[in-house]
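Inspection log for the structure reproduced underneath, given as structure tokens.
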Amino acid sequence: AVLGFPYEADRLANGNTLISDGFNRRVIEVNPAGEIVWQYPGLVETTFDVEWVHNATSGVDLFTHIHRPVDDGSGRTYPLVVLVPGGSGNGGMFHGYANALATEGIIAVHFDPDGRGLSTNGGTYTTEDYCGHIQQDGLKAVLDNAIDHPATDRNAVGILSRSYGITMASGMLARYPDQPPVRWLL
2 AVLGFPYEAD RLANGNTLIS DGFNRRVIEV NPAGEIVWQY PGLVETTFDV
52 EWVHNATSGV DLFTHIHRPV DDGSGRTYPL VVLVPGGSGN GGMFHGYANA
102 LATEGIIAVH FDPDGRGLST NGGTYTTEDY CGHIQQDGLK AVLDNAIDHP
152 ATDRNAVGIL SRSYGITMAS GMLARYPDQP PVRWLL
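Listed below in structure tokens is the structure:
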């Protein structure tokens, strides 16, 4: 492994060595044979898909990115987090963060709410709902779509909102309790 200098290392009780580079960009655990057995950021291979999720309330197709670990055919399921933008922003702000979550074995979804970014039905829908009922219903549609994926662990679903996005997220959860089954909100 190539590490930046300076770096720090500590021998662990299991005989492995924990190493972090001096710029706090990488932490690895190396076994006595010199093989990396764990590292942060993670090593899970990822992929992302663009999907268009229909919000029946507004009639808008929502531009959605789904970042997930590459399917190894094992039938394994992964926790899901949906990232809700704040203010009048779109989901593009989460692209790098969502990919980083996927490298840790988490399905991460970000989207453009109704009337924002690419969720405008070709520029014909530009209504801003300010995280109200229309955009809350869009978030529910995005969640329902992501939960239906066979790789999603339905018992490990959460929402991470940013700033004013809490209005969209908490409003959706209040209007649709346990439909879908969201376990946490940050």
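If you read the sequence shown in my numbering, its first letter stands for residue 2, the second for the next number, and so on. Think of the CB as a built atom: it goes at the ideal place given N, C-alpha and C, for glycine as much as any other residue.
- In the structure shown, R176 adopts helical secondary structure according to DSSP, grouped into three states.
- Per DSSP, G139 is one residue of the alpha helix (DSSP H) stretching across 134-148.
- Look at N156 here: in three-state DSSP terms it is strand.
- Pairwise C-beta distances place the region 152-166 out of contact with the region 117-130, as fewer than three of them are shorter than 8 Å.
- The beta carbons of V110 and H66 sit closer together than 8 Å.
- Considering only T121, H68, A34, the residue with the shortest C-alpha distance to V83 is H68.
- When rounded, the separation of the alpha-carbon atoms in W185 and T121 is 29 Å.
- Of the candidates V31, Q180, A57, G97, Q180 places its Cα closest to the Cα of I148.
- By DSSP's assignment, N56 forms a beta bridge with V61.
- CA-to-CA, the gap between F64 and N15 works out to about 47 Å.
- Per DSSP, Y79 is one residue of the beta strand (DSSP E) stretching across 79-85.
- Bridge partners of V31 according to DSSP: T18, I37.
- Judged by DSSP in its simplified three-state form, S171 adopts helix.
- Taking the CA atoms as reference points, G118 sits about 24 Å from L174.
- Pairing G166 with Y98, the inter-Cα distance amounts to about 16 Å.
- Using a Cβ distance threshold of 8 Å, D115 and V61 count as a contacting pair.
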